[in-house]
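First comes the structure, then the notes that go with it.
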Amino acid sequence: ATEVEDSITLVQPILAALLQRDTESFGAERLTLLESLRSSGRCTVTPNGYVFSRPGRVAQYLGPCMATSDAEARTLIVEHLQSLACNWYWDLLPANSSAVRCAEELGFTRRRTLQRMRHGEKINTSDARIYAIAGFELG
409 ATEVEDSITL VQPILAALLQ RDTESFGAER LTLLESLRSS GRCTVTPNGY
459 VFSRPGRVAQ YLGPCMATSD AEARTLIVEH LQSLACNWYW DLLPANSSAV
509 RCAEELGFTR RRTLQRMRHG EKINTSDARI YAIAGFELG
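In the numbering used here, the protein residues as written are 409 to 547.
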């Protein structure tokens with residue numbers, strides 16, 4: 409096996425576990441969405457989380473971000489924020505007080521409040537692992 413094949417063999421179980429955590433956290437499988445976001449911006453993945461960012465009309469957009477711990481989320485987010493000296497938007501779920509605290513500590517101020525709504529059956533989610541949403545239009 410080549411070095412690339414070895415790397416893929418090692419990474420696939422990590423990505424599979426991470427995608428499973430994402431599905432549990434968000435309440436739906438989002439592989440196609442995440443692949444689309446990866447192609448339009450930047451993505452950092454670790455065994456314990458991921459963060460995406462992409463250009464917006466007036467500012468860079470941070471999200472989605474899912475992580476298994478506050479420390480992991482902060483590390484991922486800070487790395488993205490430091491990669492570009494520009495204005496940023498970051499939409500998060502107010503139910504995740506750790507995400508709110510992290511955003512405030514990094515100098516973000518509240519401009520709008522999100523409220524997750526649903527129609528139909530209850531969707532099981534874990535907002536505690538969602539540190540940034542993909543966007544109003546994406547969830």
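Here a beta-carbon is modelled for each residue, glycine too, at the ideal position from N, C-alpha and C. Computed from a predicted model, the values in this text were never measured in an experiment.
Backbone secondary structure at residue i - three-state DSSP
i, result
"F460", "strand"
"I485", "helix"
"I416", "Low confidence applies here, because I416 scores a pLDDT of 38, under 50, leaving its location unreliable; read the following figure in that light. The answer is helix: DSSP assigns I416 an H, G or I state."
"V466", "coil"
"T517", "coil"
"C451", "strand"
Distance CB(residue i)-CB(residue j) smaller than 8 Å
i, j, result
"I538", "M474", "yes"
"R446", "S461", "no"
"V459", "I485", "yes"
"S444", "T533", "no"
"G471", "W498", "yes"
"L439", "L426", "no"
"L489", "L514", "yes"
Cα-Cα separation, residue i to residue j
i, j, result
"E477", "R465", "Per the sequence shown, residue 477 should be read as Ser rather than Glu. Distance between the alpha carbons of S477 and R465: 31 Å."
"S448", "R526", "27 Å"
"A507", "E437", "22 Å"
Nearest-angstrom Cβ-Cβ length linking residue i and residue j, presumed shorter than 8 Å
i, j, result
"G540", "L500", "The question names Gly, yet the displayed sequence has Ala at residue 540. At roughly 5 Å, the Cβ-Cβ gap stays under 8 Å, so A540 and L500 are in contact."
"N495", "A536", "With 8 Å as the limit, N495 and A536 do not qualify as a contact, their Cβ atoms being about 28 Å apart."
"A511", "L441", "About 22 Å separates the two Cβ atoms, so there is no contact after all."
Residues sharing a beta bridge with residue i, DSSP
i, result
"C473", "V459, A540"
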